[in-house]
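Asker:
In our numbering, the protein residues as written are 26 to 190.
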């Protein structure tokens, strides 16, 4: 597992969460701009002030809604990148381990077939009396070759997967 890439992905998610938290704290501690203006206006400008206040509140609500949507998208992107950073190496490692495990099992079957072929090596020449033994010898050799190929190819694939970054 590449610790630098993991740290970068973890840092990206942590920075996104910290920015969201700072934005929320700033919005919560900001003074109410419409409350200070009402006290400064006279009684004759109440209807004009109410209309302009409603327009400002509408704009403020639209900005806040847009900010919330952008923050949600940023969190979703950060969470996805964090998941890729954590699960990506795990998936790669488990796939490589699975290939090596299947290679070992194919190797066990190949060794078993080779030992049976070695035991029956006396029946290499086919005669009328040992036809069945000769067929068993050929089947054991074929099994040893096929499972040996599977064993070697599984370890080669595992090695290639390990070298890929």
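Heads up, the beta-carbon is just placed ideally off N, CA and C, and yes, glycines get one too.
According to DSSP, is residue 141 helix, strand or coil?
Answerer: Here residue 141 is taken as the residue at index 116 of the chain shown, counted from 1. In this structure, residue 141 counts as helix in the three-state DSSP scheme.
Asker: Below 8 Å between beta carbons: does that hold for residue 142 and residue 162?
Answerer: Position 117 of the chain shown, counted from the first residue, corresponds to residue 142. Position 137 of the chain shown, counted from the first residue, corresponds to residue 162. A contact, by the Cβ cut-off of 8 Å.
Asker: Do you know offhand how far residue 82's Cα is from residue 93's?
Answerer: By 1-based counting over the chain shown, the position of residue 82 is 57. By 1-based counting over the chain shown, the position of residue 93 is 68. Near 16 Å, if we compare the C-alpha coordinates of residue 93 and residue 82.
Asker: For residue 97, name the three-state secondary structure that DSSP assigns.
Answerer: By one-based count along the chain shown, residue 97 stands at place 72. It is helical.
Asker: If residue 158 and residue 168 are in contact, beta carbons under 8 Å, what's the gap, nearest whole angstrom?
Answerer: Your numbering for residue 158 matches position 133 in the chain shown. Your numbering for residue 168 matches position 143 in the chain shown. Wrong, their Cβ atoms sit about 16 Å apart, outside the cutoff.
Asker: Is there contact here, the segment 130-139 with the segment 110-120, by at least three beta-carbon pairs under 8 Å?
Answerer: No, the segment 130-139 does not touch the segment 110-120.
Asker: Using the C-alpha atoms, what's the distance from residue 106 back to residue 99?
Answerer: Taking the chain shown and counting its residues from 1, the one referred to as residue 99 is at position 74. Taking the chain shown and counting its residues from 1, the one referred to as residue 106 is at position 81. Cα to Cα, residue 99 sits roughly 11 Å from residue 106.
Asker: Roughly how many angstroms separate the alpha carbons of residue 85 and residue 56, rounded to a whole number?
Answerer: The residue labelled residue 85 in the question sits at position 60 within the chain shown. The residue labelled residue 56 in the question sits at position 31 within the chain shown. Their Cα atoms are separated by approximately 14 Å.
Asker: Using the C-alpha atoms, what's the distance from residue 171 back to residue 95?
Answerer: Along the chain shown, one-based indexing puts residue 95 at 70. Along the chain shown, one-based indexing puts residue 171 at 146. Between residue 95 and residue 171, the C-alpha separation is close to 57 Å.
Asker: Thinking just about the alpha-carbon of each residue, which of 54, 111, 175 and 176 is nearest to the one in residue 36?
Answerer: The sequence position of residue 36 within the chain shown is 11, counting from 1. Checked all of 54, 111, 175 and 176; the closest Cα to residue 36 is 111.
Asker: For residue 187, which residues in the same chain have their Cβ closer than 7 Å to its Cβ, ignoring the five residues on either side in sequence?
Answerer: As a position in the chain shown, residue 187 is number 162, starting the count at 1. Once the five neighbours on either side are set aside, the close Cβ partners of residue 187 are 121.
Asker: To the nearest angstrom, report how far apart residue 181 and residue 189 are at their CA atoms.
Answerer: What you label residue 181 is simply residue 156 of the chain shown in a count that begins at 1. What you label residue 189 is simply residue 164 of the chain shown in a count that begins at 1. The alpha-carbon atoms of residue 181 and residue 189 are separated by roughly 13 Å.
Asker: Any idea what DSSP makes of residue 187, helix, strand or coil?
Answerer: For the purposes of this step, residue 187 is identified with residue 162 of the chain shown, where counting begins at 1. Three-state DSSP puts residue 187 in a helix.
Asker: Which residues in the same chain as residue 165 place their Cβ atom closer than 7 Å to its Cβ, once the five residues preceding and following it in sequence are excluded?
Answerer: Here residue 165 refers to the residue found at position 140 when the chain shown is read from its first residue. If we look at residue 165 and ignore the five residues flanking it on each side, its Cβ neighbours are 138, 141, 142 and 145.
Asker: By Cβ distance, which residues of its chain are closer than 8 Å to residue 80, with the 5 residues on each side in sequence left out?
Answerer: Residue 80 sits at position 55 when you count from the first residue of the chain shown. So the list is empty, once near-sequence residues are dropped.
Asker: With DSSP run on the structure shown, which of helix, strand or coil describes residue 55?
Answerer: Taking the first residue of the chain shown as 1, we reach residue 55 at position 30. Looking at residue 55 - three-state DSSP - the assignment turns out to be coil, as it is neither helix nor strand.
Asker: What's the gap between the Cα of residue 149 and the Cα of residue 174?
Answerer: Counting from 1 along the chain shown, the entry for residue 149 is found at position 124. Counting from 1 along the chain shown, the entry for residue 174 is found at position 149. If I take the Cα positions, the gap works out to 23 Å.
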